[in-house]
Amino acid sequence: MSTTTVEEMAEVTAPEPFWSRQRHLGVALILIGGLAAVVFGSLAPSEDARFTLSEDSAGAALAINGQFGAVLFGLLTAAAGGVLLAGLLKRWSNVFLVAGILSFLLSFLCWQVAGEFMPLVDTTDGTLELALPLILGALAGVLGERSGVVNVAIEGQFLMGAFAGALVGTMAGSVWAGLLSAAVGGVIIAAILAVMAIRYLVDQVVVGIVLNLFALGITGFLYERLMQPNAQEYNQPPQMPEWRIPGLADIPVVGPVFFEANLLVWIALVLVVVIHFGLSRTRWGLRTRAVGEHPTAADTVGIRVRGLRYLNVLLGGVVAGIGGAYFTLVATGSFTKNMTAGAGFIALAALIFGRFTPFGAFGAALFFGFAQKLATYLSAIGSPVPSQFLNMLPYLATLIAVAGLVGRVRAPAADGQPYIKG
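In case it helps, the working numbering puts the sequence shown at residues 9 to 430.
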């Protein structure tokens, strides 16, 4: 006898509305593609846009006329939208959506880079470096959210990790001691979050905001009283070295980015794969997803709901603390007040944009990193587009994603809900 529910039968029998999500996206791509072809094509000079493998204009990997490229890629964006509007190849609708977005970006770049050059290695390397703390912060969020705990305290974990990494790294004279201490700093904030949210059932968003303010206050106080007057003794940590893998580092574009890098890059990439595999293929992952979706049912079959939530939140604290080490052991070489500047909230946005999955969060973090790197590059070449507008793009895209125009983002069913054992 069939066990199909009424809701499932309704989904099967209900006809799809003509103006479906796919067709709405098709119209949007047609409009922005046509706009790109007309506006970017008319503004672009009739000079070549050069995308090089080197740091200068030599050794061009691709050269295309700016006007021609802007028009061509704008029309390709509109063509991808036409496929979506016509309702063709529905199975590949996401592929055409991504292709349309990339074509629009290339149209914009042909306009901006015409008469100039864009070094691909530097752009790719800068994108990954700027995305590095966002990747680790978003992964920390994945660990908490998939088990039902909202982690708004990523910013505080970043700050504590950055502060502890700088302080202990300087006092011990070891970058590895600083990295370990950064992880401990993240765990401290995570432990407070776990106890308040899981044991005492405090609203998880509220306690996360309070912990961010606590981390900002305590690190700022200790910086002014301890680090600022005695910077040489407490705030000059050694920098994390870059390691080069012979042979692999010589691969064009990819080699210098992934195989001539510091340890944090490899940690972040490995963690993306490990957490994805763990959530989808292991007993721990199955239990984590069960706790995040239906904790009562999980408890019924013998899963320790609170214990698993404690474990995952603390693991997330380790990952976020390591992300905080980036700011002092890689990027700057010293700690300053509020140096993370909201990176934890950007990581939270990347988590949502990435649909609460490790690879999705990784891609969203790279998108944020690329937008920041592109803003820096365009400012350097004197682009007429203000960099402030470019910095807004990833946030606007996140708002669109959260609003559901790119597909409804569904958090785990029990996310943010305290579990009270009956």
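All C-beta atoms, glycine included, are put in the ideal place defined by N, C-alpha and C.
Would you call the segment 154-168 in contact with the segment 210-219, where contact means no fewer than 3 C-beta pairs closer than 8 Å?
yes
Have a look at A18 and A71 and give me their C-alpha separation to the nearest angstrom.
Annotation note: pLDDT 45 at A18 (below 50); position unreliable, no value reported.
What residue ranges within the segment 41-112 form continuous alpha helix (DSSP H) runs of no fewer than 4 residues, ordered along the chain?
74-93
Beta carbon of G329 nearer than 8 Å to that of V192
yes
Under a three-way DSSP split, which group does W274 fall into?
Under the three-state reduction of DSSP, W274 is assigned to helix.
Report yes or no: do the segment 187-203 and the segment 311-327 share at least 3 C-beta pairs separated by less than 8 Å?
yes
Mark T135 as exposed unless 16 or more other C-beta atoms lie within 10 angstroms of its C-beta, in which case mark it buried.
buried
Short Cβ contact (8 Å threshold) for F166 with T348:
yes
Given a cut-off of 8 Å, decide if I389 and E153 are closer than it, judged by their beta-carbon atoms.
no
According to DSSP, is G301 part of a helix, a strand, or is it coil?
Sequence check: residue 301 is Glu here, not Gly. Here E301 sits in helix by DSSP.
Of the residues E137, V129, P245, the one placed nearest M179, counting alpha carbons only
The alpha carbon of M179 has as its nearest neighbour, out of E137, V129, P245, the alpha carbon of P245.
Which one of G169, M235, Q30, P141 has the shortest CA to CA distance from G95?
Q30
Take V393 and list the residues in its own chain whose beta-carbon comes closer than 8 Å to its own, dropping the five residues that flank it on each side.
Q120, L386
Bridge-paired residues (DSSP) for R252
R252 pairs with E268.
To the nearest angstrom, how far is the alpha carbon of I275 from that of P260?
Cα to Cα, I275 sits roughly 22 Å from P260.
Going by beta-carbon coordinates alone, are S50 and F81 separated by less than 8 Å?
no
Could you spell out where the alpha helix (DSSP H) holding P420 opens and where it closes?
Note, P420: premise wrong, no alpha helix (DSSP H); not H, not E.
Based on DSSP bridge pairs, tell me the residues matched to P127.
T60
Assigned secondary structure, K345 (DSSP; H/G/I helix, E/B strand, else coil):
Judged by DSSP in its simplified three-state form, K345 adopts coil rather than helix or strand.
Does the structure place the segment 262-282 close enough to the segment 137-156 that three or more beta carbon pairs sit under 8 Å?
yes
Under DSSP, the alpha helix (DSSP H) around E232 begins and ends at which residues?
Run containing E232: none; DSSP gives neither H nor E here.
Below 6 Å CB to CB, which residues in the same chain sit around L187 once its five sequence neighbours on both sides are set aside?
A333
Suppose you measure from the CA of F267 to the CA of W251; what does that come to, to the nearest Å?
8 Å
Nearest to P53 by CA position, among G181, L37, A78, is which residue?
A78
Which listed residue (L61, I196, R418) has its alpha carbon closest to that of I226:
I196
Between the Cα of D423 and the Cα atoms of G362, A45, H302, P249, which residue gives the shortest distance?
H302
Cβ neighbours of T13 in the same chain (closer than 6 Å, five flanking residues each side left out)
Residue placement at T13 cannot be trusted, given a pLDDT of 45 that sits under 50; the coordinates are not used to answer.
Beta-carbon spacing of L37, G108 below 8 Å
yes
Can you name, in chain order, every residue of its own chain whose Cβ lies under 7 Å from the Cβ of F343, other than the five neighbours on each side?
A170, F171, A174, Y231, M235, N243, T336
Let me check understanding here. Comparing Cα to Cα, which of G377, W292, D258 lies closest to E137?
G377
If you run the structure through DSSP and keep just helix, strand and coil, what is F378?
In this structure, DSSP gives F378 a helical state, which the three-state scheme calls helix.
Distance between L209 and S62 (C-alpha atoms, nearest Å):
Rounded to the nearest whole angstrom, the C-alpha separation of S62 and L209 is 55 Å.
Identify, in the order they occur along the chain, each residue of the same chain with its Cβ nearer than 7 Å to the Cβ of K429, setting aside the five sequence neighbours on each side.
Only residues of its own chain outside the window of five on either side were considered, and among them D307 have a CB closer than 7 Å to the CB of K429, listed in chain order.
Looking at G89: is its Cβ nearer than 8 Å to the Cβ of G41?
yes
Within a Cβ cutoff of 8 Å, which residues of the same chain sit near R58, ignoring the five residues on either side of it in sequence?
S65, A68, L70, A71, V121, E124, F125, M126
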